[in-house]
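The block underneath contains the structure these notes are about, expressed in structure tokens.
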Amino acid sequence: MVMQERGVLELNKVSKSYGERAVLSEVSMSLPHNKIYGIIGKSGCGKTTLLNLLIGFLQPSRGTVYYQGKDLNKVSKEVRMKFGFASQSYSFYPKLSVKENLQYFGKLYGIGKVDIEDRTYQLLNMLRLSGEENTTGDNLSSGMKKRLDIACALIHDPEVLLLDEPTADLDPALRSDVLSAIKKIRAAGKTILITTHLLGEIEILCDRIFLLHHQRLKDMGSPDHFDKGYTKEVKIKLKSRSYASLYSVLQSCPVDIESANVEDRYVTITTKTPEQVMQYVMSFAQKHDDKIEHLSVSRPSLDRLFMELTK
Amino acid sequence: MRSGGKLFLNNILVWFALIFGSILRNINRLFNIVIKNFRILIRSKSSALIIVLGPLLIIGLIGIAFSTTTVHDVIIGVHSGEYSDLSENIISELEDGNYFIKKLDDRTACIDGVKAGDHNICLIFSEAMGVGGEVNRITFHVDYTRVNLVYAIMDDIGSKLAKTSDDLSLEMTQIIVDELENAKGVIAGKLSILNVVSEDSLDLQEKVATGYENLSKYNLTKDLGDLRYNVVEGDFDSLSDYLNGQNLSTARLDSLNTSLAEFKENLEKHLDDTSAASRHMDTVTETLESLSPSLAKNSVKVDQVKRALEGVLLGIDSIEVKDSSEIVSPISTSVQPVVTEDTHANGMFPTFLVLVLMFVSIMLASTLVLNEKSANAHFRNFVTPTNNMVFIIGTYLTSLIIVALQLLVVIGVGATFLSGSTLGNMVNAIYPLFLLASLFIFIGICVGYLFKSSETAMLAALFIVSATMFFSNMILPIESVPSYLQGFMGYNPFVLGETILKKILLFGFGLSEIGRECGILWILTIVFLIGSYLSMRLYKRGINR
Chain A
824 MVMQERGVLE
834 LNKVSKSYGE
844 RAVLSEVSMS
854 LPHNKIYGII
864 GKSGCGKTTL
874 LNLLIGFLQP
884 SRGTVYYQGK
894 DLNKVSKEVR
904 MKFGFASQSY
914 SFYPKLSVKE
924 NLQYFGKLYG
934 IGKVDIEDRT
944 YQLLNMLRLS
954 GEENTTGDNL
964 SSGMKKRLDI
974 ACALIHDPEV
984 LLLDEPTADL
994 DPALRSDVLS
1004 AIKKIRAAGK
1014 TILITTHLLG
1024 EIEILCDRIF
1034 LLHHQRLKDM
1044 GSPDHFDKGY
1054 TKEVKIKLKS
1064 RSYASLYSVL
1074 QSCPVDIESA
1084 NVEDRYVTIT
1094 TKTPEQVMQY
1104 VMSFAQKHDD
1114 KIEHLSVSRP
1124 SLDRLFMELT
1134 K
Chain B
119 MRSGGKLFLN
129 NILVWFALIF
139 GSILRNINRL
149 FNIVIKNFRI
159 LIRSKSSALI
169 IVLGPLLIIG
179 LIGIAFSTTT
189 VHDVIIGVHS
199 GEYSDLSENI
209 ISELEDGNYF
219 IKKLDDRTAC
229 IDGVKAGDHN
239 ICLIFSEAMG
249 VGGEVNRITF
259 HVDYTRVNLV
269 YAIMDDIGSK
279 LAKTSDDLSL
289 EMTQIIVDEL
299 ENAKGVIAGK
309 LSILNVVSED
319 SLDLQEKVAT
329 GYENLSKYNL
339 TKDLGDLRYN
349 VVEGDFDSLS
359 DYLNGQNLST
369 ARLDSLNTSL
379 AEFKENLEKH
389 LDDTSAASRH
399 MDTVTETLES
409 LSPSLAKNSV
419 KVDQVKRALE
429 GVLLGIDSIE
439 VKDSSEIVSP
449 ISTSVQPVVT
459 EDTHANGMFP
469 TFLVLVLMFV
479 SIMLASTLVL
489 NEKSANAHFR
499 NFVTPTNNMV
509 FIIGTYLTSL
519 IIVALQLLVV
529 IGVGATFLSG
539 STLGNMVNAI
549 YPLFLLASLF
559 IFIGICVGYL
569 FKSSETAMLA
579 ALFIVSATMF
589 FSNMILPIES
599 VPSYLQGFMG
609 YNPFVLGETI
619 LKKILLFGFG
629 LSEIGRECGI
639 LWILTIVFLI
649 GSYLSMRLYK
659 RGINR
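Residue numbers (the working numbering), protein chains in the order written: chain A, 824 to 1134; chain B, 119 to 663.
Structure follows, in structure tokens:
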């Protein structure tokens, strides 16, 4: 893959292996500032390893990770201040309160007491944890725990936030909570890198997606790129009184239809030319004085695309 | 040049500011870590319970268990083919010494009882023990697997039996001494008789000599010739012839002749008697002659006997010790402790202190590290710009503070059964206690980081604690292990700590006198500090995989 624009973070042919076992192979990417990036891929494809390389927890076996043009391995540990990281599991002390956790990690980052107080106040508000300052970590709900984890990652006001599976194991309501928190963080001008299995979120959140497969970067681009580049078929589902006639007509219609089937008075049409099919269906209804009772058009989800891409 | 110097000075100042700033930041981080550790420990009820109550419980138990100097509830199995007064006396003596006595009819049952743990020791008394008995023997059958108990019981029973044995010896020796005194009196009494005999003998010898000498002067072997009887007879014949010439009556002459003849006869008879007397005198003289050397010999022999008896008397007199107790135990031994041991706990307090310190420090430090490792938050710690050493020192300081508090509690509780001198020397013990705590904490940190699971780490910690205990005086004396191991054991932190604290607390040594041991502790502490750092690096490398 060719890097198209210079980013705050850049990976140049980065590989990581443990002995003979390669977990990441020649990955190159560029992450410009103030965007949300999604890394998708099957389990074990190297997503978490990639994040660990970015935060400097791991050293690449080959290749270089650059932060603002500087080799991350050669810059001082203070540069780590620019990174915030929230791992899959909650990286805070459950026996400490929300405020104590934030203060503890703030001090480890060398932030002054007053700054920690200010930052804590901001984060509690931004991540909707106000009122829970004195609640210990183990007494928080799952969503709150995740938000506290993200707050801990943001306490030192990093430029880059790395989130490893931020919505894993959360119910839809809590997931929505976390996603809105991430949006707020992006709005605060941060660069965010997310790994997740839940591709629907990636679609909603991310400006750019990186697809890792077999330890390599298989593709990257905007959600639209994935949508248009890979989406070939659209599913049209409709319900009408003359559904049986419509179904039989569709079998020999002149427009390009991949498949059509009928089930419970619903006709489902799969096509690569949805506009033509819609026109044909509408004219058929008009001609037969029929009324379309239900109509829905759906593109295949990123999940399905992901399955296809990683076959 | 001036501007160059200024620049150099500025650089130095900047460096100092940076270093000072870095130290300050790290101190802040250190306090932050320590406070966090304490918050977590306090809020985790089980941890707080173990950390606060654990040592209290240990020291309390130690205080109760070892607050005496004797052994209790010891059962002694005894057996004898025939109990005598002496064996019964010994048994009652043991019963008075708070031992439970179990008389067994069978020797095997007595020995097997020790194996089965029915009684702690088996004493087999020889049959009909007593003064003048053929074999007065008591055989101990002990279970050496319970070494300390065996030594304690044997020591106590041995001392009781030794007392009985001494009493018997004393009694018998007294009889001998009395007999000697009696003999001395008798000999002294008879010596005066011997003196009289000797003197009489000498006197007799003199008298015999005198008698012999006097008798020798007499010559009784005379004949008529010696008495010039011929002359008398011739003169008488002449006289007779003359008288015949004078015409004297023949009757008168005859009468004269008869008288002369009678005289001659009487004289001859007398001479015969004298001759017999002479012969007898010769015999007496001979006897006297032979008696004299015999008497002289007797006198010599009497003198010899006398000198011998005088020698015996001198010998008896020369015996300086006539007190039977001194003869029985010419060398009296008494064991005096170098310190006044009020209770076992007092004497063993240094050992307990090191034991508690070692257990708590290793377990606590390893537990803190394991808790940290098991908390997902440690991952975030590692991605902060905080030096690894700050985390290690943070764990060390947390452990040190807790250990110090626990030691205060232990010493406070210990004060109830410790002597004043032991507590008085405690100030000098602070420095080695600090060193020991540091060393054990770093060992605990190493264990915590080197082992992946808490189970294996706990096992390793227990193994280390056990190994240090086994290779110390705790179970068997160091002197009982092979000499090639003894040198190694000298570097055992437990042994070092025990030695140092005994010297300070019990014998009142100063810090200057434990310099060598403290030096070794310093070296070990630094080694394990480096070890802690390396094991943390190793652990981080492990989680990176």
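Glycine residues also receive a C-beta, built at the ideal position from the N, C-alpha and C atoms.
Proximity of residue i and residue j at Cβ, strictly below 9 angstroms
i	j	result
phenylalanine 625 of chain B	leucine 603 of chain B	no
arginine 143 of chain B	glycine 933 of chain A	yes
isoleucine 1008 of chain A	isoleucine 973 of chain A	yes
alanine 1104 of chain A	aspartate 1079 of chain A	Here residue 1104 of chain A turns out to be valine, not alanine, going by the sequence shown. No. Outside cutoff.
leucine 336 of chain B	serine 396 of chain B	The question names leucine, but residue 336 of chain B is tyrosine in the sequence shown. Against a cut-off of 9 angstroms, the Cβ pair of serine 396 of chain B and tyrosine 336 of chain B comes out as a contact.
valine 837 of chain A	histidine 856 of chain A	no
histidine 1117 of chain A	leucine 1061 of chain A	yes
leucine 309 of chain B	leucine 431 of chain B	yes
leucine 919 of chain A	lysine 491 of chain B	no
Listed by chain order, chain B residues near residue i by CB distance under 9 angstroms
i	result
phenylalanine 908 of chain A	Phe497, Arg498, Val501
arginine 951 of chain A	Simply none; closest approach about 21 angstroms.
arginine 903 of chain A	Val501, Thr502, Pro503
Local conformation of residue i per DSSP, three classes
i	result
tyrosine 1066 of chain A	helix
tyrosine 890 of chain A	strand
glutamate 616 of chain B	helix
asparagine 924 of chain A	helix
glycine 343 of chain B	coil
methionine 119 of chain B	The predicted model places methionine 119 of chain B with a pLDDT of 48, which falls under 50 and marks its position as unreliable; any figure quoted below should be read in that light. Looking at methionine 119 of chain B - three-state DSSP - the assignment turns out to be coil, as it is neither helix nor strand.
serine 484 of chain B	helix
glutamate 1116 of chain A	strand
asparagine 1084 of chain A	strand
glycine 195 of chain B	strand
aspartate 987 of chain A	strand
asparagine 875 of chain A	helix
glutamate 428 of chain B	helix
lysine 221 of chain B	strand
tyrosine 330 of chain B	helix
valine 846 of chain A	strand
asparagine 384 of chain B	helix
Close Cβ partners of residue i (< 8 angstroms) along its chain, the five nearest in sequence each way excluded
i	result
alanine 1011 of chain A	Met949
leucine 1097 of chain A	A quick correction: the sequence has proline, not leucine, at residue 1097 of chain A. So the list reads Val1057, Ile1059, Val1120, once near-sequence residues are dropped.
threonine 403 of chain B	Tyr330, Leu333, Ser334
leucine 946 of chain A	Leu925, Leu952, Ala974, Leu977, Ile978
serine 1005 of chain A	Here residue 1005 of chain A turns out to be isoleucine, not serine, going by the sequence shown. Cβ within range, chain order: Ile859, Ile973, Leu986, Pro989, Ile1015, Ile1017, Leu1028.
alanine 1067 of chain A	Val1085
Proximal residues to residue i (C-beta, below 7 angstroms), its chain only, five neighbours per side dropped
i	result
valine 583 of chain B	Met476, Phe477, Ile480
glycine 608 of chain B	none
phenylalanine 258 of chain B	Ile239, Leu241, Met272
glutamate 635 of chain B	Leu614, Thr617, Ile618
isoleucine 305 of chain B	Leu427, Val430, Leu431
valine 1072 of chain A	Phe1107
Residue i beta carbon near the ligand ADP (any heavy atom closer than 8 angstroms)
i	result
valine 295 of chain B	The ligand ADP is not part of this structure, which contains no ligands at all.
Same chain, Cβ closer than 6 angstroms to residue i, five either side skipped, listed in chain order
i	result
serine 1082 of chain A	Thr1093
glutamate 833 of chain A	Ser853, Tyr889
lysine 1013 of chain A	Leu984
valine 565 of chain B	Ser484, Ala575, Ala578, Ala579
methionine 826 of chain A	Low confidence applies to methionine 826 of chain A: its pLDDT is 42, below 50, so where it sits in the model is not reliable, and the reading given next is rough at best. Cβ neighbours of methionine 826 of chain A beyond the five flanking positions: Ser853.
leucine 222 of chain B	Gly195, His197, Cys228
Contacts that residue i makes with chain B (C-beta to C-beta distance below 7 angstroms)
i	result
cysteine 975 of chain A	Arg498
Cβ of residue i within 9 angstroms of any chain D Cβ
i	result
glycine 933 of chain A	Protein chains A and B are contained in the structure displayed, whereas chain D is not.
Contact residues within the stretch 478-504 of chain B, judged by C-beta distance below 9 angstroms to chain A:
Ala493, Asn494, Ala495, His496, Phe497, Arg498, Asn499, Phe500, Val501, Thr502, Pro503, Thr504
Please identify, using Cβ separations under 8 angstroms, the residues of the stretch 956-970 of chain A that lie next to chain B, in order along the chain.
Thr959
Residues within the stretch 139-172 of chain B neighbouring chain A, beta-carbon criterion of under 7 angstroms
Arg143, Asn146, Arg147, Asn150, Lys154, Arg157, Ile158, Arg161, Ser162
For the stretch 910-931 of chain A, list every residue whose C-beta sits within 7 angstroms of some C-beta in chain B, in sequence order.
Ser910, Ser912, Tyr913, Ser914, Phe915, Tyr916, Lys918, Leu919, Glu923, Tyr927, Phe928, Lys930, Leu931
Selection of the stretch 869-881 of chain A by Cβ proximity to chain B, strictly under 9 angstroms:
Asn875, Ile878, Gly879, Phe880, Leu881
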